[in-house]
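Asks: So the protein lines, in turn, are chains A and B.
Position 39 (the first sequence) corresponds to 39 in our numbering; numbering is contiguous.
Position 213 (the second sequence) corresponds to 213 in our numbering; numbering is contiguous.
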Amino acid sequence: MRNLFLVSAITVLLAACGSQPPAPEQTPSEVKTSTPTDVVVAKPVVSVVPEPAFDAMSVAALKDPRSPLSKRNVYFDLDSFVVKEEFQSTLVAHSKFLAANAKMKMLIQGNGDERGSREYNLALAQKRADAVKKSLALMGAKEDQMEAVSLGEEKPVCAEHNEECWAKNRHGEMLYTGEY
Amino acid sequence: MKYPNTLHKFVRLGVLLAAGGTGLFTPLSHAQLVVDVTGAGSTRLPIAIADFTGERVVGNALTSVVRADLERSGLFKLVDAPTPVGAGDTPSYADLKTRGADALLGGTVTAASDGRYETRLNLSDVPKQASIATQSYAHTSVQLRTTAHRIADFVYSKLTGEPGIFSTRIAYIVKLGGRYELQIADADGGNSQSALASHESIISPAWSPDGSKLAYVSFEAKKPVIYVHDLATGRRHVAANFKGSNSAPAWSPDGLQLAVVLTKEGGSQIFLVGADGSGLRRLAVSSGIDTEPRFSPDGGSIYFSSDRGGSPQIYRISVAGGQAERITFEGNYNVTPRLSPDGNSMAYITRVGSLFHVALMDLASKQITILTDSAKDESPSFAPNGRMIVYATEVNGRGVLAAVSVDGRVKQRLSSALAADVREPAWAPFNR
């Protein structure tokens, strides 16, 4: 079942890939004579080493640890729904990616900590998802590409009952077509 | 019928002290939930429940459950009855009086040729040496527990003047590892059955007023979606799956509508929708969070929690919409409003310091009683007779259910025999 899901996820990714502009080869090992098709993401990655370049607007970049697109989480302070400065560059990258890939869709899942009412926490975590969505929309992603939903306290990434753990659980996570 | 003096006195006390009965007990192999009684009513009626004549053919399965039900209600003190007493027997009142019993239940079980049984009861007043009420039940051997709960309800209602809740059910969620189950058990924790199993969370089960369906929120689609699940057929349908989150379903008293929380228009906002998913309309507009709607029993208004005033507080709004009225003022976290069946009081969760307790507000006087001293209480739910409130709490890091009488005296705890978390209880309405 899980395998099936994976297979279909990959299929969707490949299909989505087919709709990209000049889609680069999928084999990640291959060295591409990359044409930085779009303007793109100033800061990231490049500084690392001389290594095979990647197309920052490609679907492959979503999983490439060198790409800011591989960063999917935005963390929030306690009782806060404001996107912090440190996540701006990540959100810029994702909004550009969405703008460049009109057929890609994103599910933004808000998460929160466990204290108090489950339904109320669901609503609080929705605020986090909404904040991420709003940031992306302001930077160029289209409304209909994004869905902001809440998982409340139902999917903690950290299960202990302390502030360190709760901080890890207060986040919005960005998932693309095929990843959810 | 006129009650004898001792019983009459008890009846008045029982009503005033407002304890209810839920044996949360796990006597049989199917049972997965274990009950501890952690508090009892201040006045308990001494009652002898004799073995029924002829009951040995069913292994005394009736009286053992009746005794357990009544004892765990916190309202009765069991007195030994040394010999079986049949429905038509004249008991040894003098001996029972010596033992301190105020009431006696006797009965006769007769096996019919078709494998069915007839159980006849006689409830009597010991000081008056007179019968209070008689009753009879036809049942099969697989209906022994059900019949025993009905007998306990009969005794409870005759002696307290209020309906018993031993025959009712509770829905709740069990989480074991990464597996979630929506289960339904008798109010004593026995006879638990799974209605739904999932690898994603399930929350907010809500009974339809006729007890035939549960609405709930499932995360199986990687987002919260509201389903309505018919328990007899096991079939379910999506009641709300709009863009964004769909949560917090609550039934209208006529069973035709659900109040739900949707984020499709931005923010968590309350909408009304037909139970079949038709006819959506927005109830209220706020810039912040509105959630956890509950209909008043008369169907005229909806209570909900909202941060529109800064901190989470409980509000009330007419089902026709309009201006919302703030209900809670004490403290800076009051959520999860649940109306009593008579609509006169509201249970909710209040935060005191960093602790979450079950509180009860008398809606006319606004007087508040904090009923629990545990730390992480959630999801209160009234028994259908309004006497007990079941809620979720945590003991040693594990989710358990607990129940408290509305006067705070009778306390029970219901935990899983497995290392599972039990949560999100919803007490079913009376069977119709």
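By construction, the Cβ of each residue, glycine as well, lies at the ideal position given by its N, Cα and C atoms.
The beta strand (DSSP E) with Thr-147/B in it runs from where to where?
Replies: Position 147 of the second sequence, counted from the first residue, corresponds to residue 147/B. Segment 144–160 is the alpha helix (DSSP H) holding Thr-147/B; no beta strand (DSSP E) there.
Asks: Taking Cβ-Cβ distances below 9 Å as the criterion, which residues of the stretch 327–343 of chain B are in contact with chain A?
Replies: So the list reads Tyr-333, Val-335 and Thr-336, given in the order they occur along the chain.
Asks: Going by DSSP, what residues sit across from Leu-339/B in a beta bridge?
Replies: As a first step, residue 339/B must be located in the second sequence, where it is residue number 339. Looking at the DSSP assignment, Leu-339/B forms a beta bridge with Met-346/B.
Asks: From the DSSP output, which residues share a beta bridge with Gly-274/B?
Replies: As a working note, residue 274/B is residue 274 in the second sequence. BP columns for Gly-274/B point to Gln-257/B.
Asks: Rank Glu-118/B, Gln-367/B, Val-109/B and Leu-96/B by C-alpha distance to the C-alpha of Ser-124/B and give the top, closest one.
Replies: In the second sequence, counting from the first residue as 1, residue 124/B sits at position 124. The residue with the shortest Cα to Cα distance from Ser-124/B is Leu-96/B.
Asks: So which residues of chain C does Ser-150/A contact, with C-beta pairs closer than 7 Å?
Replies: Considering every chain present, this structure includes no chain C. Its protein chains are A and B.
Asks: At the 7 Å Cβ level, is Gln-126/A part of the contact set with chain B, yes or no?
Replies: Working through the first sequence from its first residue, we reach residue 126/A at position 126. Cβ-Cβ to chain B under 7 Å: yes for Gln-126/A.
Asks: Kindly give me the distance between the Cβ atoms of Met-346/B and Tyr-303/B, rounded to whole angstroms, as I take these residues to be in contact under 8 Å.
Replies: Counting from 1 along the second sequence, the entry for residue 346/B is found at position 346. Counting from 1 along the second sequence, the entry for residue 303/B is found at position 303. Right, their Cβ atoms sit about 7 Å apart.
Asks: Can you give me the Cβ contacts of Thr-393/B inside the same chain, cut-off strictly under 8 Å, excluding the 5 residues immediately before and after it?
Replies: Along the second sequence, one-based indexing puts residue 393/B at 393. Counting only Cβ-Cβ distances below 8 Å, and skipping sequence neighbours, we find Thr-372, Ser-374, Ala-375, Lys-376, Asp-377, Glu-378, Gly-399, Val-400, Leu-401 and Ala-402.
Asks: If I'm right that Gly-86/B touches Thr-108/B with Cβ under 8 Å, what's the distance once you round it to whole angstroms?
Replies: Residue 86/B sits at position 86 when you count from the first residue of the second sequence. Residue 108/B sits at position 108 when you count from the first residue of the second sequence. About 4 Å; that satisfies the 8 Å criterion.
Asks: Look up His-229/B in the DSSP assignment and give the residues it is bridged to.
Replies: Walking along the second sequence from the start, residue 229/B turns up at place 229. Paired residue(s): Leu-214/B and Arg-236/B.
Asks: Thinking Val-57/B and Ala-111/B are a contact (beta carbons under 8 Å), I'd like their distance in whole angstroms, please.
Replies: Taking the first residue of the second sequence as position 1, residue 57/B is located at position 57. Taking the first residue of the second sequence as position 1, residue 111/B is located at position 111. Confirmed, Cβ separation roughly 6 Å.
Asks: Where does Lys-376/B fall in DSSP's three states?
Replies: On the second sequence, residue 376/B is found 376 positions in, with the first residue counted as 1. Residue state, collapsed to three classes: strand.
Asks: I'd like the ranges of any beta strand (DSSP E) spanning at least 3 consecutive residues and lying wholly in the stretch 27–95 of chain B.
Replies: Qualifying beta strand (DSSP E) stretches, in chain order: 33–39, 45–49 and 76–79.
Asks: Starting from Glu-163/A, trace the alpha helix (DSSP H) in both directions and tell me its first and last residue.
Replies: Walking along the first sequence from the start, residue 163/A turns up at place 163. Taken as a continuous stretch (DSSP letters only), the alpha helix (DSSP H) holding Glu-163/A covers 163–169.
Asks: Using a Cβ-Cβ cut-off of less than 9 Å, list which residues of the stretch 113–124 of chain A approach chain B; keep chain order.
Replies: Here the close residues are Glu-114, Arg-115, Gly-116, Ser-117, Arg-118, Glu-119, Tyr-120, Leu-122, Ala-123 and Leu-124.
Asks: Given a cut-off of 7 Å on the beta-carbon distance, is the pair Ala-250/B and Val-273/B in contact?
Replies: Translated into the one-based positions of the second sequence, residue 250/B becomes position 250. Translated into the one-based positions of the second sequence, residue 273/B becomes position 273. For Ala-250/B and Val-273/B, no; Cβs fall outside 7 Å.
Asks: Could you tell me whether the Cβ atoms of Trp-207/B and Ala-426/B are closer together than 7 Å?
Replies: In the second sequence, the residue the question calls residue 207/B occupies position 207. In the second sequence, the residue the question calls residue 426/B occupies position 426. Yes, they are a contact pair.
Asks: Under 7 Å, do Lys-213/B and Tyr-180/A count as touching if we go by C-beta distance?
Replies: As a position in the second sequence, residue 213/B is number 213, starting the count at 1. As a position in the first sequence, residue 180/A is number 180, starting the count at 1. Going by C-beta atoms, Lys-213/B is not nearer than 7 Å to Tyr-180/A.
Asks: Is the CB of Ile-314/B under 7 Å away from at least one CB in chain A?
Replies: Position 314 of the second sequence, counted from the start, is the residue given in the question as residue 314/B. Judged by the 7 Å Cβ criterion, Ile-314/B is not in contact with chain A.
Asks: Use the C-beta contact count for Asn-396/B: other C-beta atoms within 10 angstroms, 16 or more gives buried, fewer gives exposed.
Replies: For the purposes of this step, residue 396/B is identified with residue 396 of the second sequence, where counting begins at 1. Asn-396/B is exposed by the Cβ-count criterion.
Asks: Looking only at its chain, what residues have a beta carbon closer than 6 Å to the beta carbon of Pro-380/B, apart from the 5 residues adjacent to it on each side?
Replies: In the second sequence, residue 380/B corresponds to position 380, counting from 1. Here the set comprises Arg-338, Ala-347, Val-358, Ile-389 and Tyr-391.
Asks: Given a threshold of 16 other Cβ atoms within 10 Å of its Cβ, counted over all protein chains shown, does Gly-310/B qualify as buried or as exposed?
Replies: Working through the second sequence from its first residue, we reach residue 310/B at position 310. The residue in question, Gly-310/B, is exposed, as its Cβ has fewer than 16 Cβ neighbours within 10 Å.
Asks: Over what stretch of residues does the alpha helix (DSSP H) that includes Ala-187/B continue unbroken?
Replies: Here the question's residue 187/B lines up with position 187 in the second sequence. Segment: none, Ala-187/B is in no alpha helix (DSSP H) and carries neither H nor E.
Asks: Our contact map puts Thr-38/B next to Gln-412/B with C-beta atoms below 8 Å; I'd like the distance itself, whole angstroms only.
Replies: Looking up residue 38/B in the second sequence gives position 38. Looking up residue 412/B in the second sequence gives position 412. Yes, Thr-38/B and Gln-412/B are in contact; Cβ-Cβ is about 7 Å, under 8 Å.
Asks: Given that Tyr-75/A touches chain B, what residues does it touch there, using C-beta distances under 7 Å?
Replies: Within the first sequence, numbered from 1, the residue matching residue 75/A stands at position 75. Within 7 Å Cβ-Cβ: nothing; Tyr-75/A doesn't reach chain B, min ~20 Å.
Asks: Among all the DSSP beta bridges, which residues are the ones paired with Thr-90/A?
Replies: Within the first sequence, residue 90/A is the residue found at index 90, counting from 1. According to DSSP, Thr-90/A bridges with nothing at all.
Asks: List the residues of chain A that Ala-248/B touches, going by C-beta distances under 7 Å, in chain order.
Replies: Taking the first residue of the second sequence as 1, we reach residue 248/B at position 248. Result: Glu-119.
Asks: By how many angstroms is the C-alpha of Phe-430/B removed from the C-alpha of Ala-31/B?
Replies: By one-based count along the second sequence, residue 31/B stands at place 31. By one-based count along the second sequence, residue 430/B stands at place 430. A caution first: Ala-31/B carries a pLDDT of 35, below 50, which makes its placement in the model unreliable, though a value can still be read off. Spanning the two alpha carbons is a distance of roughly 21 Å.
Asks: Note the first and the last residue of the continuous alpha helix (DSSP H) segment covering Gln-129/B.
Replies: The residue given as residue 129/B occupies position 129 in the second sequence. No alpha helix (DSSP H) contains Gln-129/B, which DSSP labels as neither H nor E.
Asks: In the DSSP assignment, find the alpha helix (DSSP H) that holds Lys-127/A and state where it starts and stops.
Replies: Looking up residue 127/A in the first sequence gives position 127. 118–138 is the extent of the alpha helix (DSSP H) around Lys-127/A.
Asks: For Gly-386/B, count the other beta carbons within 10 Å of its own beta carbon; 16 or more makes it buried, fewer makes it exposed. Which is it?
Replies: The sequence position of residue 386/B within the second sequence is 386, counting from 1. Gly-386/B is buried by the Cβ-count criterion.
Asks: Just to confirm my understanding: we take His-237/B, look at its own chain, exclude 5 residues before and 5 after, and list those with CB closer than 8 Å. What are they?
Replies: Position 237 of the second sequence, counted from the first residue, corresponds to residue 237/B. Once the five neighbours on either side are set aside, the close Cβ partners of His-237/B are Tyr-227, Val-228, Asp-276 and Gly-277.
Asks: Kindly list the residues whose CB is nearer than 8 Å to the CB of Glu-143/A, restricted to its own chain and excluding five residues on each side of it in sequence; keep chain order.
Replies: The residue given as residue 143/A occupies position 143 in the first sequence. For Glu-143/A, where only same-chain residues beyond five positions count, the Cβ hits under 8 Å are Ala-137.
Asks: What is the rounded straight-line gap between the Cα of Ser-95/A and the Cα of Val-410/B?
Replies: Taking the first residue of the first sequence as 1, we reach residue 95/A at position 95. Taking the first residue of the second sequence as 1, we reach residue 410/B at position 410. Approximately 57 Å between the Cα atoms of the pair.
Asks: Which first and last residues belong to the beta strand (DSSP E) in which Met-104/A is found?
Replies: Position 104 of the first sequence holds residue 104/A. Careful: Met-104/A lies outside any beta strand (DSSP E) and carries neither H nor E.
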